[in-house]
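In this note's numbering, the protein residues as written are 11 to 221. Written below as structure tokens is the structure these notes are about.
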Amino acid sequence: MVATIFDYGLFSIKFSFASWCGATKIAPLRKLKGHGFFATTLAPSPRQFMTILSVYNNNPLIDGRQSERAMLVRKGVQLLLHEMRHAVLPELPLASGRRADLITLTEKGEIWIIEIKTSIEDFRVDRKWPDYRLHCDRLFFATHKDVPLDIFPEECGLFLSDGYGAHMIREAPEHRLPPATRKSVTLNFSRAAAQRLLLAEWATGKSFSPE
């Protein structure tokens, strides 16, 4: 079984535990056709090769939930949030059963959720977005220039992204979480982030250097 275990908008790492157990060497880097990036493979035997790192300009999630355009919006917002010194995690399952497109922890400990919408229809069919308020201090939408901005509710913040960066068009009002909920969401965030980092480290075949 091969699964995507680390995704940060720009790249993902795919890892097969069965193949990893028999890996004996690292195959040479090879250039991906049509891209200026490279991929490497673990070679358990001369007859078996397994791709562990795939790099693309636009990398939709393996389950197909996110379109190419949604991934571009996400990448731009991630870049802005990184500049704002947020810890950012994509696609985090929540206690309610919903999944946050992006969830962040600010330097002050605030929890933000950003929902990505790439069309008018995409927004209109989602009637459960108020549920995200139960899991964050501030709720935002993120979109691109081809979507009318006035369709988004004023009680939510708004980001406009072009894939290379983003602008905060409107700041979200604060609705602070109860302490117990904050602890639960923060624990969920921390465990998911740590687990993804661990699996990414295993997929490289060596521990990350502190340098």
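Every residue, glycine too, gets a C-beta built ideally from N, C-alpha and C. Just so you know, these numbers come straight off a predicted model, no measurement behind them.
Report the rounded CA-to-CA distance for residue i versus residue j, giving the unit in angstroms.
{"i": "residue 186", "j": "residue 208", "result": "31 Å"}
{"i": "residue 138", "j": "residue 106", "result": "11 Å"}
{"i": "residue 151", "j": "residue 202", "result": "23 Å"}
{"i": "residue 100", "j": "residue 111", "result": "6 Å"}
{"i": "residue 82", "j": "residue 191", "result": "31 Å"}
{"i": "residue 148", "j": "residue 117", "result": "14 Å"}
{"i": "residue 213", "j": "residue 97", "result": "22 Å"}
{"i": "residue 128", "j": "residue 188", "result": "31 Å"}
{"i": "residue 109", "j": "residue 215", "result": "30 Å"}
{"i": "residue 178", "j": "residue 91", "result": "10 Å"}
{"i": "residue 126", "j": "residue 115", "result": "18 Å"}
{"i": "residue 156", "j": "residue 78", "result": "15 Å"}
{"i": "residue 166", "j": "residue 198", "result": "23 Å"}
{"i": "residue 142", "j": "residue 211", "result": "31 Å"}
{"i": "residue 205", "j": "residue 195", "result": "15 Å"}
{"i": "residue 171", "j": "residue 193", "result": "30 Å"}
{"i": "residue 102", "j": "residue 121", "result": "13 Å"}
{"i": "residue 94", "j": "residue 140", "result": "25 Å"}
{"i": "residue 173", "j": "residue 88", "result": "9 Å"}
Hey, could you find the ends of the alpha helix (DSSP H) residue i is sitting in?
{"i": "residue 78", "result": "78-93"}
{"i": "residue 161", "result": "Run containing residue 161: none; DSSP gives neither H nor E here."}
{"i": "residue 171", "result": "That residue, residue 171, is in no alpha helix (DSSP H); its beta strand (DSSP E) goes 167-171."}
{"i": "residue 192", "result": "189-214"}
{"i": "residue 134", "result": "130-134"}
Can you tell me the Cβ-Cβ gap for residue i and residue j, rounded? I've got them flagged as a contact below 8 Å.
{"i": "residue 169", "j": "residue 124", "result": "7 Å"}
{"i": "residue 175", "j": "residue 86", "result": "5 Å"}
{"i": "residue 104", "j": "residue 145", "result": "5 Å"}
Could you name the residues that DSSP lists as bridge partners for residue i?
{"i": "residue 125", "result": "151"}
{"i": "residue 98", "result": "114"}
{"i": "residue 103", "result": "109"}
Along the chain, where does the beta strand (DSSP E) that runs through residue i open and close?
{"i": "residue 177", "result": "176-180"}
For chain C, is any of its Cβ atoms less than 8 Å away from the one on residue i?
{"i": "residue 197", "result": "Of the chains in the structure shown, none is chain C; there is only one protein chain."}
I'd like to know if the stretch 126-136 and the stretch 151-168 are in contact, where contact means that at least 3 CB-CB pairs between them fall below 8 Å. Yes, the stretch 126-136 touches the stretch 151-168.
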